[in-house]
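Taking it in order: structure first as structure tokens, then the write-up.
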């Protein structure tokens, strides 16, 4: 992974959309209406950036490529579920991305010195846990989509479809508190706010229901995991190598 | 240059790539839903911004919708032509098949920029046009010949700028081999084209007008639609577009000198 430093730096930069959003929010004083101060909002978006950096998943694209290239066949013979391979890749890349994310955060604080804060250790640990849970949720969701490769060749277009609600509802572009009431009434039942909004609120010290959020994350993982196992076993039964 | 030959070749390109893309019919359906959801999502986001504010950066909600419509059209064009072709360049260079392109008795930039087409992007273009028509209605814009020609000129310039940006990044593949992530960076920057330029702070506005001219891509055409645009801005856009086009062409020819095929 360290061989691709420029790649990973660029990848980190491509995640800066939350900062553009922050710019719109504060530049137009939009946050007055949702009772979040400028400082808290900027911390929120910085945390959203961090959570996104460490929970982004692209297993669908790797798996699709491997399956189209016929690389899945040798993986299937191995006694380890091939998704562990992708899982390890993701973790390794997250670790390499950490210094770049820190550099971006450093620049962020140079431009916004008033928003500098140090979360206490307990909160920090909890938010690392919840970011990891968010990563697990996204990894499971994408793995389920990736398994659709066994039925259709282009699972990545389904992933792009799923990415849209993730983008708009997860809190990456606007905190969920700012959503209109008719969305807020049902959104907490979906997995989306727990992907970015909840860990980011937790880390930035904004108001959030800690135990409720964590348990929802765990609940979703417990729901998704059996689904993944089911679709995996169905899919591998259905699997025929390319060209057979 | 032999225009008729190029038109004929392009017709063949269209035919072959449409035929191959239409093999994936469900894929096109999924892409249609994605395009609709993505538009709904961005309007939703816009409505959050406007829920307690009448104006953002001096734009009303109805006016900001025009930007959204133009962005959708341009994004559709990107997905139809730029994205499938220019990601192909990366493959050509990595696998050394660019040799075959260079040997063909046709302009290499023409070939690699227009070879493929992704029909699902059409849906996005159509969606964008519908939204644009709706905006023309709710903003009570009078359609006159001068207005139509001005908006046509500005949108064509936006397309040229957009193309040059994509082509520029793809060309750097000749040195860096992998440019997926650079394309991701461009995509995330282009994302701000969904919002009026005035809603950003001064420093970002400068950055997005000088370094990456996203300001020109959506905001100026939208201003033309609203009749707010000054002549110098339109002229500036024409100049910027031509500079970008010429530079991207020069850059491609320059980069080819460094191309040494794969594994050599």
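Protein chains in written order, with this note's numbering: chain A, 5 to 248; chain G, 48 to 311. For every residue, glycine included, the Cβ atom is placed at its ideal position computed from N, Cα and C.
Length of the line joining the Cα atoms of residue i and residue j
i	j	result
residue 24 of chain A	residue 175 of chain A	14 Å
residue 180 of chain G	residue 173 of chain A	28 Å
residue 106 of chain A	residue 43 of chain A	19 Å
residue 232 of chain G	residue 66 of chain A	20 Å
residue 161 of chain G	residue 147 of chain G	16 Å
residue 110 of chain A	residue 289 of chain G	38 Å
residue 278 of chain G	residue 199 of chain G	15 Å
residue 302 of chain G	residue 19 of chain A	29 Å
residue 138 of chain G	residue 144 of chain G	8 Å
residue 156 of chain A	residue 163 of chain G	22 Å
residue 92 of chain A	residue 223 of chain A	23 Å
residue 311 of chain G	residue 63 of chain G	The predicted position of residue 311 of chain G is uncertain, since its pLDDT is 48 and thus under 50; a value taken from the coordinates is nonetheless stated next. Residue 311 of chain G and residue 63 of chain G: Cα-Cα distance of roughly 32 Å.
residue 123 of chain A	residue 46 of chain A	15 Å
residue 133 of chain A	residue 186 of chain G	49 Å
residue 161 of chain A	residue 68 of chain G	13 Å
residue 140 of chain G	residue 14 of chain A	20 Å
Per-residue DSSP class, three states only, for residue i
i	result
residue 200 of chain A	coil
residue 82 of chain G	helix
residue 21 of chain A	helix
residue 146 of chain G	helix
residue 188 of chain G	coil
residue 116 of chain G	helix
residue 43 of chain A	helix
residue 141 of chain A	helix
residue 277 of chain G	coil
residue 61 of chain A	coil
residue 219 of chain G	coil
residue 179 of chain A	coil
residue 152 of chain G	coil
residue 89 of chain G	helix
residue 311 of chain G	Caution applies to residue 311 of chain G, whose pLDDT of 48 falls short of 50 and renders its modelled position unreliable; the value that the coordinates give is listed next. Residue 311 of chain G falls in the coil class under three-state DSSP.
residue 248 of chain G	coil
residue 132 of chain A	helix
residue 27 of chain A	helix
Residues that DSSP places opposite residue i in a beta bridge
i	result
residue 103 of chain G	G:106
Partners in chain G for residue i, counting only beta-carbon separations shorter than 9 Å
i	result
residue 172 of chain A	84, 85, 87, 88, 89, 91, 92
Within chain A, the residues that residue i reaches when beta carbons sit closer than 7 Å
i	result
residue 242 of chain G	28
residue 77 of chain G	161, 162, 165
residue 239 of chain G	24
residue 229 of chain G	14
residue 251 of chain G	27
Contact under 8 Å by Cβ, residue i with residue j
i	j	result
residue 314 of chain G	residue 216 of chain G	The first residue shown for chain G is 48 and the last is 311, placing residue 314 of chain G beyond what the model contains.
residue 165 of chain A	residue 84 of chain G	yes
residue 117 of chain G	residue 168 of chain G	no
residue 294 of chain G	residue 114 of chain G	no
residue 68 of chain A	residue 151 of chain A	no
residue 93 of chain G	residue 82 of chain G	no
residue 74 of chain G	residue 158 of chain A	yes
residue 64 of chain A	residue 149 of chain A	yes
residue 89 of chain A	residue 16 of chain A	no
residue 27 of chain A	residue 91 of chain G	no
residue 21 of chain A	residue 235 of chain G	yes
residue 296 of chain G	residue 156 of chain G	yes
residue 146 of chain A	residue 118 of chain A	no
residue 138 of chain A	residue 59 of chain A	yes
Under 7 Å from the C-beta of residue i: neighbouring residues of chain G
i	result
residue 182 of chain A	95
residue 32 of chain A	100, 103, 104, 246
residue 177 of chain A	92
residue 168 of chain A	81, 84, 85, 88
Contact set between residue i and chain A, taken where Cβ atoms lie within less than 9 Å
i	result
residue 137 of chain G	Those do not exist, as residue 137 of chain G stays about 13 Å from chain A at its closest Cβ, beyond 9 Å.
residue 232 of chain G	14, 15, 17, 18, 20
residue 219 of chain G	Within 9 Å Cβ-Cβ: nothing; residue 219 of chain G doesn't reach chain A, min ~11 Å.
Interface residues of chain A facing residue i [CB-CB closer than 8 Å]
i	result
residue 186 of chain G	Simply none; closest approach about 21 Å.
Residues that residue i contacts on chain G, provided the C-beta gap is smaller than 8 Å
i	result
residue 37 of chain A	98, 99, 100
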